[in-house]
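Student: Protein chains in written order, with this note's numbering: chain A, 1 to 455; chain B, 456 to 772. Every residue gets a Cβ at the ideal spot worked out from N, C-alpha and C, and that includes glycine. For clarity, every value in this text was computed on a predicted model and none was experimentally measured. One structure coming up, written as C-alpha cells, with questions to follow.
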C-alpha cells in the first residue's frame with residue numbers, strides 16, 4: 001500500500017502507548033457542575049438563558065445571528081447558577097455559563113433527520129443547530145465548511161485520522177470502538193458536499209485498517225470511500241499538509257481547502273455529525289485523552305462539554321501533583337500550557353496532559369546559530385529564522401511577504417531549533433502586530449499609538 | 456475548586472517538546488567527523504602537525520573564554536564551537552607554519568572575526584578562514600612558499616597547484632590515486648580526500664550539514680575547469696577545495712540558511728576559486744572565495760524556496 005506524505009515536518013516521540021489501549025469511559029464531573037464557554041468557535045455568542053433558569057440537557061443556551069458562529073447547548077440538566085468570566089484554554093477569562101446538575105436524565109434533543117433524503121440546506125442547518133465545530137482544536141464552525149464559496153466544487157472529503165500530536169489517542173479509540181459512527185458521519189458529509197471520501201490514517205495505526213475496511217464494505221461504500229495511509233510524521237494531521245499528502249494539492253495562500261475542492265474533517269467531528277442527524281443530539285459531549293508522565297491513570301474519556309478539569313481529579317484521574325510542571329490543554333506540539341486546572345473542557349479540547357520535567361523542554365534560549373534546520377522542517381516552506389529576524393526589527397511588511405500569515409504555528413521549527421529559540425511565540429506576536437496594523441482604524445477616535453508598531 | 460497541589464506549573468508558548476539537540480551536540484559531531492582527518496594529518500606530517508593542532512585548539516578555547524571574561528559576557532566555551540574553529544584552523548595550516556604564527560592566527564580568528572561580531576551565530580566571516588587569511592597576507596613565506604612532503608623532511612618549493620598554474624602538471628591514474636589518498640604536499644588536513652568525503656557522508660547522515668553548498672562548489676570548479684580545458688578531476692582533488700567545500704562552505708553562521716541560497720553560495724565559491732586558480736595571483740583560491748562569499752550571506756538568504764500555497768518559486772518575494 002502506498003504511503004502518502006508531505007515535505008518537511010518532524011518526528012517527535014509518540015508516547016501514545018500510555019493511553020492507546022485504554023477503552024473510552026464515560027465520566028461525569030464530581031461536582032455535578034459544568035462551566036460552558038458561551039462561545040466555542042466562530043463569532044461571539046450571547047447567552048439565551050438567565051441565572052436561575054432550569055435547563056435540560058441539549059437545550060440551546062447561547063447563540064449568535066452571525067453565519068460564521070456555532071450555538072452552544074446545555075451538556076447536563078440542571079439550573080443555571082452563574083453567567084460570568086471563567087478561565088478557559090489559552091489562559092484568558094471569557095464569558096461562561098455554569099450549570100449545576102440536578103441528576104436528571106431528561107434531554108431536549110432535536111428530532112432525528114435522515115441526512116440522505118433531506119434537503120441540502122436543511123442538512124447544513126442541522127449541523128449548525130447542533131453547534132458542531134471542528135473538534136481537532138481549531139473549533140471552526142463545521143456548517144461553514146459544508147457551504148463552500150460559490151464556484152468551488154468539493155470533490156474530496158478527507159477524514160483526518162492522522163492524529164499526529166504525541167500522547168493523543170482519542171481519535172484512534174473512537175475509530176476502533178465506533179467505526180460505524182465515523183463512517184456514517186463521513187458519508188453524511190459526502191452526501192452534503194458531493195465529494196468522495198478519503199480516510200487518511202497514519203501508519204502507526206495500521207491495526208485499524210482491517211476494521212475500517214470491513215466497516216466500509218459493510219456499509220456498501222467501498223466505491224466512494226478510500227483509505228490512504230500517510231506517514232507517521234508531525235504535522236501530518238495539519239489540514240493543509242494532509243491535503244498536500246493525500247491529493248498533492250495546495251490550498252492557495254489565504255484560501256480555504258474548498259478552493260482546491262477539499263474538506264478535511266476530524267474523527268470526532270464526523271461522529272458528532274452522525275449523532276446530530278441520527279439522534280438529534282447537539283455537540284454536548286467531548287471525547288478526549290488524559291495522559292502524560294504526571295498522570296497516574298492515562299485514559300480516554302468522554303465528558304460533558306464544560307467539565308472543569310480539576311473536577312476529574314481525583315475521582316476519574318489521579319495525578320502526581322508535585323511532579324507536574326506543565327498542564328496542557330491539547331497536545332505537546334500545539335497545545336496551551338495552563339496556569340491552573342480550573343478550566344473547562346471545550347468542544348475543541350482533544351486532550352489534557354500532565355507533563356513532568358523529564359518530558360518537556362525547559363532549556364533556555366540562546367542566539368540563533370544559523371543552522372537552517374527550521375527551514376528544513378517547515379511544512380509550509382517558510383524560513384522561520386529569517387522571519388524571526390525581520391520581526392525583531394518589526395519589519396512587518398517584509399515578514400508578510402515572507403509568508404508570516406501562512407505559518408500554521410505547528411511548532412516544527414522550534415522543535416528542531418538547537419538554540420531553543422521560541423520561534424512560534426515570536427511569529428504569533430508578529431502576526432498579532434500585523435493584524436493590528438492591517439485592521440481598519442476607527443476614524444472618529446484619535447489615532448492610538450501602536451504598541452511596538454513600525455514607528 | 457479543590458486544591459490539587461499543582462504549584463510548579465510553567466506557562467509558555469507551544470511547542471512544549473524539543474528534539475533536545477543543542478549546538479554542543481552538533482559541534483561534537485563535527486569534531487568526530489574531523490578526527491580521522493586529524494589523525495591522518497599527524498601520520499602524514501608528523502609531530503609538528505600534532506603540536507600545531509593542539510596549540511590551535513587550546514588557544515582557540517582559551518582566547519574565547521578570555522575574551523568573554525574580559526568583555527563581561529557569559530562564557531560559552533562549553534558549546535565546543537571554539538574547539539571546532541581551532542581544529543579546522545590548524546588543519547588548514549601548512550605543517551611547517553611557526554607556532555607563534557598559529558597562535559596569532561587563531562587569536563585573530565576567535566577574537567576579531569568571531570568575538571567582536573557577537574560570538575557564535577553572529578560572525579560574518581568564518582573565524583578559521585579569517586585567521587588563516589590574516590596569516591596568509593602577513594606571513595606569505597611560511598604560508599605557501601615551502602611545503603613538506605609527507606613522510607619525509609624534504610621541503611619542496613611548490614605544490615601541484617602551482618605546477619598546474621605554470622602548466623607543468625598533468626594527471627594520470629597514479630597521481631589521481633595518490634591525491635585521493637592524500638600522499639602529497641599540502642596543509643595538514645586538506646590532503647586526505649577520501650577521509651574528507653567519509654566525513655561529508657557522516658555529517659549528511661547525522662543531518663549536521665546540507666549537501667547543497669558543498670556539491671554546488673565542487674561541481675562548479677569541476678565544470679569550469681573542464682570548460683577552460685583543464686583537468687577537472689585534478690582540480691577537485693588538489694588544494695583545499697574538498698576540505699573547504701565540506702567544512703567551510705557549510706559553516707552555519709557564515710553561509711546562507713535557505714536551500715537556493717546555499718546552492719548559489721556554493722556555486723559562487725566554486726566559480727571564484729576557479730577564477731583565482733586560473734587567472735589570479737595565487738595558486739589556490741578556496742580561502743578567498745569563501746571569505747568573499749561570506750559577505751553575501753545575508754543577501755543570498757533572500758533566495759527562498761517555494762512556499763506552500765504559492766505558485767512560482769519566489770514570485771511573491
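Comparing alpha-carbon positions, which option in A/13, A/6, A/7 lies nearest residue 415 of chain A?
Tutor: Answer by Cα proximity: A/13.
Student: Does any CB atom of chain A fall closer than 7 angstroms to the CB of residue 463 of chain B?
Tutor: Yes, contact with chain A.
Student: Output the distance between the C-alpha atoms of residue 185 of chain A and residue 269 of chain A, rounded to the nearest integer angstrom.
Tutor: About 8 angstroms.
Student: Which same chain residues end up closer than 6 angstroms to residue 677 of chain B when comparing Cβ atoms and leaving out the 5 residues on each side of it in sequence?
Tutor: 687, 691, listed in sequence order.
Student: Expressed to the nearest angstrom, what Euclidean distance is found between the alpha-carbon atoms of residue 545 of chain B and residue 535 of chain B?
Tutor: Spanning the two alpha carbons is a distance of roughly 16 angstroms.
Student: Closer than 7 angstroms, CB to CB, is residue 762 of chain B near chain A or not?
Tutor: It does: the Cβ of residue 762 of chain B has a partner Cβ on chain A nearer than 7 angstroms.
Student: Excluding the 5 residues flanking residue 756 of chain B on each side, which residues of the same chain have their C-beta closer than 7 angstroms to its C-beta?
Tutor: Result list for residue 756 of chain B: 711, 712, 713, 716, in chain order.
Student: Have a look at the DSSP bridge pairing and note the partners of residue 228 of chain A.
Tutor: In DSSP, residue 228 of chain A forms a bridge with A/200.
Student: Beta carbons nearer than 7 angstroms to chain B: which residues of the segment 406-433 of chain A have them?
Tutor: Listed in sequence order: 406, 411, 414, 415, 416, 418, 419, 420, 422, 424, 425, 428.
Student: The alpha helix (DSSP H) with residue 593 of chain B in it runs from where to where?
Tutor: Taken as a continuous stretch (DSSP letters only), the alpha helix (DSSP H) holding residue 593 of chain B covers 582-593.
Student: At 7 angstroms on the CB atoms, spell out the chain B contacts of residue 190 of chain A, in chain order.
Tutor: Those do not exist, as residue 190 of chain A stays about 25 angstroms from chain B at its closest Cβ, beyond 7 angstroms.
Student: Would you verify that the beta carbon of residue 756 of chain B is, or is not, closer than 7 angstroms to some beta carbon of chain A?
Tutor: Cβ-Cβ to chain A under 7 angstroms: yes for residue 756 of chain B.
Student: Quick one, which residues of the segment 355-379 of chain A are near chain B if we go by CB-CB under 9 angstroms, in chain order?
Tutor: So the list reads 355, 357, 359, 360, 361, 362, 363, 366, 367, 368, 369, 370, 371, 372, 373, 374, 375, 376, 378, 379, given in the order they occur along the chain.
Student: Of all the options A/404, A/350, A/90, which has the alpha carbon lying nearest to the alpha carbon of residue 170 of chain A?
Tutor: The shortest Cα separation from residue 170 of chain A among A/404, A/350, A/90 belongs to A/350.
Student: According to DSSP, is residue 63 of chain A part of a helix, a strand, or is it coil?
Tutor: If DSSP states are grouped into helix, strand and coil, residue 63 of chain A belongs with the strands.
Student: Given a cut-off of 7 angstroms on the beta-carbon distance, is the pair residue 113 of chain A and residue 354 of chain A in contact?
Tutor: Contact flag unset, no.
Student: Within its chain, find whatever has a CB closer than 6 angstroms to the CB of residue 484 of chain B; leave out the 5 residues flanking it on each side and keep chain order.
Tutor: If we look at residue 484 of chain B and ignore the five residues flanking it on each side, its Cβ neighbours are 661, 663.
Student: So residue 379 of chain A and residue 410 of chain A are supposed to be a Cβ contact under 8 angstroms. How far apart are they, rounded?
Tutor: The Cβ separation is near 6 angstroms, so the contact holds.
Student: Which class does residue 728 of chain B belong to by DSSP, given the choice of helix, strand or coil?
Tutor: In this structure, residue 728 of chain B counts as helix in the three-state DSSP scheme.
Student: Mind listing the chain B neighbours of residue 35 of chain A? Cutoff is C-beta to C-beta under 7 angstroms, in chain order.
Tutor: Residues of chain B passing the Cβ test: none, with the nearest at roughly 10 angstroms.
Student: I want to know whether the segment 42-60 of chain A touches the segment 72-83 of chain A - three or more CB-CB distances under 8 angstroms.
Tutor: Yes, the segment 42-60 of chain A is in contact with the segment 72-83 of chain A.
Student: Give the interface partners of residue 708 of chain B over in chain A, defined as CB-CB distance under 8 angstroms, in chain order.
Tutor: Per Cβ cutoff of 8 angstroms: 369, 370.
Student: Can you give the Cα-Cα distance for residue 772 of chain B and residue 334 of chain A, rounded to whole angstroms?
Tutor: For residue 772 of chain B, the predicted structure reports a pLDDT of 37, less than 50, and the residue's modelled location is therefore unreliable. The matter cannot be settled from this model.
Student: What residues in its chain sit with their C-beta under 7 angstroms from that of residue 449 of chain A, if we drop five residues either side in the sequence?
Tutor: For residue 449 of chain A, the predicted model reports a pLDDT of 49, less than 50, meaning its position is unreliable; a value from the coordinates is still stated below. Nothing listed; no residue qualifies.
Student: Check each candidate in A/69, A/210, A/337, A/161 and name the one with the smallest Cα separation from residue 145 of chain A.
Tutor: Nearest of A/69, A/210, A/337, A/161 to residue 145 of chain A, Cα basis: A/69.
Student: I'd like to know if residue 542 of chain B contacts chain A, where contact means its C-beta is closer than 7 angstroms to some C-beta of that chain.
Tutor: So no, residue 542 of chain B is outside the interface.
Student: Return the bridge partner residues of residue 356 of chain A from the DSSP annotation.
Tutor: Residue 356 of chain A is bridged to A/324.
Student: Between residue 769 of chain B and chain A, is the shortest Cβ-Cβ distance under 7 angstroms, so that the two count as touching?
Tutor: Confidence at residue 769 of chain B is low in this model, with a pLDDT of 45, below 50, so the placement of that residue is unreliable and no value is reported for it.
Student: Got a sec: is the Cβ-Cβ distance from residue 469 of chain B to anything in chain A below 7 angstroms?
Tutor: Taking Cβ atoms only, chain A reaches closer than 7 angstroms to residue 469 of chain B, which makes this a yes.
Student: Thinking just about the alpha-carbon of each residue, which of A/125, A/66, A/129, A/60 is nearest to the one in residue 107 of chain A?
Tutor: When only C-alpha atoms are compared, the closest one is A/60.
Student: On a CA-only basis, which of A/34, A/88, A/15 is nearest residue 340 of chain A? Give me that one, please.
Tutor: It is A/88 whose Cα lies nearest to the Cα of residue 340 of chain A.
Student: Check whether chain B comes within 7 angstroms of residue 145 of chain A, counting only Cβ atoms and requiring the distance to be less than that.
Tutor: Output row for residue 145 of chain A: interface = no.
Student: Which ranges would you report for the alpha helix (DSSP H) in the segment 638-673 of chain B if only whole runs of at least 4 residues count?
Tutor: With a minimum length of 4 residues, the continuous alpha helix (DSSP H) runs that stay inside the segment 638-673 of chain B are 648-660.
Student: List the residues that DSSP assigns as beta-bridge partners of residue 133 of chain A.
Tutor: According to DSSP, residue 133 of chain A bridges with A/141.
Student: Could you name the residues of the same chain whose beta carbon sits closer than 6 angstroms to that of residue 332 of chain A, not counting the 5 residues immediately before and after it, in chain order?
Tutor: Taken in chain order, the residues that qualify are 166.
Student: Which residues, in chain order, does the segment 568-584 of chain B contribute to contact with chain A at a C-beta distance below 9 angstroms?
Tutor: Cβ contacts with chain A: 573, 574, 575, 576, 577.
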